[in-house]
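For the sequence shown, my numbering begins at 13 and goes up steadily by one. Using N, Cα and C, we set each Cβ at its ideal position, and we do this for glycine too. Only one structure is covered here, and it is reproduced in the block below.
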Amino acid sequence: MSDDIKKGLLGIVVDETTISQVMPEINSLTYRGYTVQELCDKCSFEEVAFLVLNGELPNEKQLKKFIKEERSNRKLSKQILKDIQKMPKKAHPMDVIRTSVSLMSLEDKETKDNSSKANMRKAMRIFAKTPTAIAAFFRVRKGKKIISPKKNLSFSENFFHMCFGKVPTKEIVKAFDVSLILYAEHSFNVSTFTARTITSSLSDIHGAITGAIASLKGPLHGGANEEVMHMMNKIKKPENALKWINNTLDKKDVVMGFGHRVYKKGDSRVPTMQKYFKKVAEIKGDKKFNKIYDIVERVMIDRKNIHPNVDYPTGPTYHLMGFDTDFFTPIFVISRITGWSAHIMEQHAANKLIRPLSKYKGQEHRKVMLLNYR
Ligand code: SDX
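Structure representation (structure tokens):
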């Protein structure tokens, strides 16, 4: 392949953004100038969602208004709830959530309005309703009654309540909140760039987020957190880990939860998520996955100098919280809707149709022979 082609847009800067900065050289990540580590320590997920969408951390009055708007939009229409109940139980939850966002667009009265105010209102409706759709399928698939959203619960508390019928301890809720803060935004990753590309033709936010969900499902991207759990379940016990990972590397297989296009010395989000993974394991009294985690990480670094990414600690944490493995990436979705929406609005604000070139290497120009001569 000739040098002027950058397959996968490797190392190519295609636009500017004010939303987040990924700094591999100092292993850091900031949302609107604040480091994610400080945001995890000092803020709720709702405060960070406001920050990503609006550019500033909210004051008390702004946060109260934001929470009121999010909570008053959580309900789904009877029609969409009926549609979810009719969806095949074997459907992948990422396909259910992608379809549910499309269904939301059919009902949204502002679909044709791409103004920044309308887009913010639509972003809030998608942000508020998507957890309800995911939780509804989580229950329906198990033959359980759907639990309606509750306005007196936080974003994370409400998600647990809609899935399990109860809210866990505040330590578990905090760990979940932290995972949502870490998942919220990450510059021009493939699902965000998908959303920006769809937006660049002036299509609507529901369509852009639908495309982004389809992209996030891939195991090279958000789907990796599910694959990490499948890997840990294959390893089963810590005493199997060393042999398993060495065999896997001998076969030159890709190890999910490791490596990153931008971070080459480790994902800045991992230390924070790993801390909460350990906390949840202690609370649940199950440290088996932590032991497997450490053995696999050690070998990956020693043999390949490849470090974990955010999906590596997050997968087993969600498992310990009681979520089905194929619901891990939908949890990534409910958080990343904030980042995707911010980028969609940023793209609208300074749009240029995204249309790269390709280098032709097919047949040279030739004449058509009529059918009876071919
Ligand atoms: C996310 O972009 C973002 O910001 C994404 C994200 C976000 O917040 O939006 O951070 C979230 O998607 C994290 C990544 C989750 N994906 C995985 O965990 C899947 C496993 N990872 C790999 O597929 C890979 O690391 C990628 C796809 C993530 C990045 O790969 P690149 O940059 O395209 O590099 P590459 O695949 O060309 O790998 C370079 C070398 C290769 O070896 P050689 O062929 O040169 O000998 O490193 C090897 C690869 O084989 N390698 C791995 C590996 N990752 C890279 N080998 C084994 N296991 C791995 N995980």
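- Here Y372 carries a coil assignment [DSSP, helix/strand/coil].
- Take E183, set aside five residues on each side of it, and the residues of its chain with a beta-carbon closer than 7 angstroms to its own are K291 and I295, in chain order.
- Runs of the alpha helix (DSSP H) spanning 4 or more residues and lying entirely within the stretch 263-341 occur at 282-296, 300-311 and 323-333, in chain order.
- Between H218 and M116, the C-beta spacing is below 8 angstroms.
- Taken through DSSP and simplified to helix, strand or coil, S160 comes out as coil.
- For M35, the enclosing beta strand (DSSP E) starts and ends at S32 to M35.
- Every alpha helix (DSSP H) of 4 residues or more that sits fully in the stretch 137-194 is shown, in chain order, as 167-176.
- Residue pairing from DSSP places L41 in a beta bridge opposite V34.
- Contact between the stretch 353-364 and the stretch 237-246 is absent: fewer than three C-beta pairs spanning the two stretches fall below 8 angstroms.
- Approximately 17 angstroms separates the beta-carbon atoms of I109 and I210; this is outside 8 angstroms, ruling out the contact.
- Taking 7 angstroms as the cut-off, the C-beta of L232 counts as close to a heavy atom of the ligand SDX.
- Not one heavy atom of the ligand SDX sits closer than 7 angstroms to the Cβ of A140.
- If you check the CB distance, N39 and S280 come in under 8 angstroms.
- Rounded to the nearest angstrom, the gap between the Cα atoms of D336 and F171 is 14 angstroms.
- Put simply, the stretch 191-198 touches the stretch 47-59. At least three CB pairs are less than 8 angstroms apart.
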